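Using the numbering used here, you'd call the opening residue of the sequence shown number 268 and step up by one each time. Backbone N, C-alpha and C define an ideal beta-carbon position, used for all residues, glycine too. Predicted, not measured: the structure shown is a model, and the values here were computed from it. Step one of this worksheet: look at the structure below.
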Amino acid sequence: MSVNDMKIIKLAGRSLIHFPIHGTNKNNELSGISKSTPEWMIRMDDILAGHVSSHAGDSKGTQLFGFSYHTERETVGYTVNQLIANAAFRLSDLIVLIQNATYSPILEQNMNNGTLINNIVITRWGWIGASLTQLEQRVFSICYITQFRQILDYVVLFIRYVEVHENIYIYSQTGESMGQTGSKISALTGLSSTDALDAEASG
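What follows is the structure, given as structure tokens:
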């Protein structure tokens, strides 16, 4: 399932960050973002609960218009014969774009106070057969908001996290579940694994 009408936008102000958004609407050139049925959803503990719009799959979240993060593997020292021993992974900030709503002051105050957010869950939904089904899920754990930016009707959050657990659910052409694949990285323990995430435990 491909991302429909993905665009790259530049954040307002002096920032050099270019940010991906999806679900653009050609009939709304002012915002460039569609209000159609959400494909991506985001939850932050229970902060966003009740703000979901026309989406039966997730009652504790809100529509996610775009997000970006990356992991990297850095090597130092004698890389010729000690590549593995001297390598370490690094986690970038998670950057998310959501609609400005009544939860926005709460998110800003969480940044001001340095309030811990235990889990941020990003889920991708799609139709498998006649059922709205999770296709992907990412769980970011031990999170702190480091930047809060309001840009017109939207809010951009920069989030520092300690662990990320990614999961992709696999389906056949007939819609039958064929299992899942997953990976986990923890800056807390310095370990990574390919453990699959239990969707019920994350939600």
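(request) Would you kindly work out how many angstroms separate the C-alpha atoms of Arg-340 and Phe-425, rounded to a whole number? (result) 21 Å
(request) Starting from Ala-355, follow its DSSP beta bridges and name the residues at the other end. (result) Glu-341
(message) Tell me the rounded alpha-carbon separation between Asn-385 and Arg-357.
(response) 20 Å
(request) Would you mind stating whether His-432 and Ser-444 have Cβ atoms separated by less than 9 Å? (result) no
(request) Assign Thr-390 to one of two classes, buried (16 or more other C-beta atoms within 10 Å of its C-beta) or exposed (fewer than that). (result) buried
(request) Less than 8 Å between the CB atoms is what I'm expecting for Ile-383 and Val-422, so what's the real figure, rounded? (result) The amino acid at residue 383 is misidentified as Ile; the sequence shows Leu. Leu-383 to Val-422, Cβ: 19 Å. No contact.
(message) Please classify Trp-307 as buried or exposed, where buried requires at least 16 neighbouring CB atoms within 10 angstroms.
(response) buried
(request) Might you give, ordered along the chain, the residues of its own chain that have their beta carbon closer than 7 Å to the beta carbon of Ala-355, omitting 5 neighbours on each side? (result) Glu-341
(message) With DSSP as the reference, identify every bridge partner of Tyr-336, one or two as the case may be.
(response) According to DSSP, Tyr-336 bridges with nothing at all.
(request) Go ahead and label Leu-297 buried or exposed: buried means 16 or more other beta carbons lie within 10 angstroms of its beta carbon, across all protein chains shown. (result) With a pLDDT of 48 at Leu-297, under the threshold of 50, the modelled position of that residue is not reliable, and no figure is offered here.
(request) Determine the contact status of Ile-309 and Asn-377, defining contact as a CB-CB distance below 9 Å. (result) no
(message) Just verifying my parser: in three-state terms, what is the DSSP assignment at Asn-367?
(response) coil
(request) Compute the distance between the beta-carbons of Val-498 and Ile-387, then report whether it is under 9 Å. (result) It is not possible to answer for residue 498, since the shown part of the chain is limited to 268 through 470.
(request) Determine the DSSP secondary structure at Gln-440, reduced to helix, strand or coil. (result) coil
(message) For a test of the three-state rule: what should DSSP assign to Leu-419, helix, strand or coil?
(response) coil
(request) Report all residues from its chain with a CB closer than 7 Å to the CB of Asp-312; omit the five preceding and five following residues, and keep chain order. (result) Closer than 7 Å at Cβ, skipping near neighbours: Ile-384, Asn-385 and Asn-386.
(request) Name the two residues that bound the continuous beta strand (DSSP E) containing Gly-393. (result) 384–395
(message) Less than 6 Å between C-beta atoms, sequence neighbours within five positions excluded: which residues of the same chain meet that for Lys-327?
(response) In its chain, beyond the 5 residues on either side, Arg-310 and Ala-316 have a beta carbon closer than 6 Å to the beta carbon of Lys-327.
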